[in-house]
Amino acid sequence: MREFSLPALYEVPADGNLTDLIRRNASLHPEVAVVTRRVDGVWRDVTSVEFLAEVTAVAKGLIAAGIRPGERVALMSRTRYEWTLLDFAIWSAGGVVVPVYETSSPEQVRWILGDSGAVACVVETSGHEALVASLRAELPALRHVWQFDAGAVAELGRAGAGVGDALLAEHTTAARADDPATIVYTSGTTGRPKGCVLSHRSFFAECGNVVERLKPVFVPGESSILLFLPLAHVFGRLVEVAAVLAPIKLAHVPDVKNLTDDLGEVRPKLLLGVPRVFEKVYNSARAKAQADGKGRIFDRAADTAIAYSRALGTPGGPGLGLRLRHRLFDKLVYGKLRAVLGGRATHAISGGAPLGERLGHFYRGIGFTVLEGYGLTETCAATAFNSLERQKIGSVGQPLPGSTVRVADDGEVLLHGEHLFSGYWNNPAATEEVMADGWFHTGDIGALDEEGFLTITGRKKEILVTAGGKNVAPAVIEDRIRAHPLVAETMVVGDARPFVAALVTLDEEFLVRWARENGKPAGSTAADLAADADLLAAVQQAVDDGNAAVSKAESVRRFRILPVQFTEDSGHLTPSLKLKRGVVAKDFAAEIEALYTK
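By our numbering, the letter at position 491 of the sequence shown is numbered 1385, and the numbering carries on one by one without gaps.
Take a look at the structure:
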């Protein structure tokens, strides 16, 4: 057993709650823009004083509607300014926020609103409102539904005009540090989602220590963050609260469809994302270079960036020849890539899945360092991350300051700290399963080195045991295969089978480009090309790269290309894009069987 801890860098207020942050900002940084929002296509700054005024108006509206301290109010929307506004307004009214993914099914919405006992729900669209309306008979606690697109913010502002400041203060100060701030329901790869109760203390401990550890990129009045992650996910909430705590400017966009344009307009200082975003940026740049006849130059530039980054960790650093090549490619290639990322950002924090060592070195080599982290909903997002001054590519970093990471004898990662959740809402039995003597049992398998850097290798429940008795952690090889531009998703199989195999889905965007460049008929789909020798050879390259990370007994011997996509709508991915392995295994049982019989 090995454990490692770091001292806290931030002291959690004894009796405060998260609304203290917006009042502090208005007092200490009145003219600092804490938010920038797109209005009629133009980004307009919102100062801390203006933000506090808007939060106050909406909070009074919620109080006028009868929201009492401790009652749950649900939010169902894409990432937008109004979500952050409502988060702080609900807290100011003394309420507890229950986030709901805007893509959730009726059954998921019914369960989350019903299990949490939500008395009100703020939705984004008329479609969301109709969905909630269809469930009202099954939700006896639900009293109000407001809609952003129908003017919910203005409506609540008008409704609260008669609420006095004294009553608002009673509601705002009702919650203490250990009271619930939000109930975030897990994505639910198996079974019904569980509601993780995160207190105000959890967010203070989490965000305060993250901001202090990464202080050079959280500079008030200078730094900014573009938030495109779902705010229904705990990672998105980390970004939101950390930005307000710092405070730095926060911009919201609903998705990544126009990410390049959004980055160019906002020009953030810091990015937070998931590995797939950084993989897409790399793969798109490489594909464009190949299309322009500059593929060999790009590949040489990429190899130089990787070699340069690796040399940074060696005695003496990069040699003269490598430094000269790096300087040349900085002018030819790297500067253009940094411009795609907005031109100002020097760092990003990545979580949700491993980025991959090669890609980590590539980004650091071009002057844009991606700091990998690790966390779960139960840990209020990051429980470990690489810092600006202490980074080890390939790991998820050292523990959050003020917390401890322990790796048990069986390899399971255990956690302790103020940032941990209070338990699962209405589910003490599930809480007891994962909490013991103040330690949270994550279910993840990992290792700690002598410097306290943590590496995650997989989930205990996902470990495959082949017929030959070999234990296989699917995530290690899946992440490497998925890094290939042609691959959208992959799922390794082989439990109780003679060898390891994989199901593969293709990235539709890159398949079109690949088909054109390889002389395939226009409009060819994955179904059309599933047996194409050239395509099979290209995917085999991805599999070979994945196999390079594992032993021969763990390597993928056979794979099968599926003519479909794993999506949230198809039921194969959670809203946070995790594979529902059981669903995939059931729906593609015939394809899995064929891997071992044909």
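For each residue, glycine too, the CB sits at the ideal point set by N, CA and C.
(1) In this structure, what does DSSP give as the bridge partners for ILE1243?
(2) Could you pull the start and end residues of the alpha helix (DSSP H) that ALA1368 belongs to?
(3) Run the CB neighbour count on SER1028, radius 10 Å, all protein chains shown included, and call it buried at 16 or more, exposed below.
(4) Please confirm whether PRO1290 and LEU1348 have their CB atoms less than 8 angstroms apart.
(5) In whole angstroms, what separates the C-alpha of ALA1014 from that of ALA1233?
(6) Whether or not the segment 1372-1387 and the segment 1245-1252 are in contact is what I'm after, with contact meaning three or more pairs of Cβ atoms, one per stretch, closer than 8 angstroms; do they touch?
(7) Measuring CA to CA, which of GLY1337, LEU1314 and VAL1039 is closest to GLU1306?
(8) Check whether the segment 1039-1057 and the segment 929-946 touch, using three or more Cβ-Cβ pairs below 8 angstroms as the test.
(9) Using 8 angstroms as the threshold, is the C-beta distance between SER1117 and LYS1163 below it?
(10) Measure how close the beta-carbons of SER986 and TRP977 come, nearest whole angstrom, since I'm counting them as under 8 angstroms.
(11) Please give the ranges of any beta strand (DSSP E) in the segment 1418-1461, keeping only runs that are unbroken, at least 3 residues long and fully inside the region.
(12) Please report the distance separating the alpha-carbon of ASP981 from that of GLU944.
(13) Beta carbon of LEU1380, beta carbon of ALA1427: below 8 angstroms?
(14) For LYS1143, which residues from the same chain have a beta carbon less than 6 angstroms from its beta carbon, with the 5 sequence-adjacent residues on both sides left out?
(15) ALA1469: which of VAL1128, ALA1424 and VAL906 sits nearest, CA to CA?
(16) From ASP1043 to SER998, what does the alpha carbon distance come to, in whole angstroms?
(17) Might you give, ordered along the chain, the residues of its own chain that have their beta carbon closer than 7 angstroms to the beta carbon of ARG1107, omitting 5 neighbours on each side?
(18) Could you check which residue in ALA1484, SER1096 and ASP1072 has the C-alpha nearest to that of THR1273?
(19) Please work out which residues of its chain come closer than 7 angstroms, Cβ to Cβ, to PRO1124, disregarding the five sequence neighbours upstream and downstream, and give them in chain order.
(20) Where does ASP1197 fall in DSSP's three states?
(21) Taking the beta carbon of PRO1212 as the centre, do at least 16 other beta carbons fall within 10 Å, making it buried, or is it exposed?
(22) With DSSP as the reference, label ASN919 as helix, strand or coil.
(23) Counting Cβ pairs closer than 8 angstroms, one from the segment 1452-1469 and one from the segment 1387-1398, do we hit at least three?
(24) Mind checking who VAL1301 pairs with in its DSSP beta bridge?
(25) Helix, strand or coil: which one does DSSP assign to ASN1103?
(26) Mind checking which residues open and close the beta strand (DSSP E) that includes TYR1079?
Based on what the coordinates show:
(1) LEU1166 and LEU1265
(2) One point to set straight first is that residue 1368 is Pro, not Ala, in the sequence displayed. 1368-1376 is the span of the alpha helix (DSSP H), which, as asked, contains PRO1368.
(3) exposed
(4) Reading off the sequence, residue 1290 comes out as Val, not Pro. Yes, the Cβ-Cβ distance between VAL1290 and LEU1348 is below 8 angstroms.
(5) 43 angstroms
(6) yes
(7) GLY1337
(8) no
(9) yes
(10) The pair is not a contact, with the Cβ atoms about 15 angstroms apart (cut-off 8 angstroms).
(11) 1450-1455
(12) 16 angstroms
(13) no
(14) ALA927, THR930 and SER1118
(15) This sequence places Pro at residue 1469; Ala is not what is there. If we check each option's Cα against that of PRO1469, VAL1128 comes out closest.
(16) 18 angstroms
(17) LEU903, SER1281 and PRO1295
(18) SER1096
(19) THR973, TYR995, GLY1130 and PRO1469
(20) helix
(21) buried
(22) helix
(23) yes
(24) ARG896 and VAL1307
(25) helix
(26) 1074-1079
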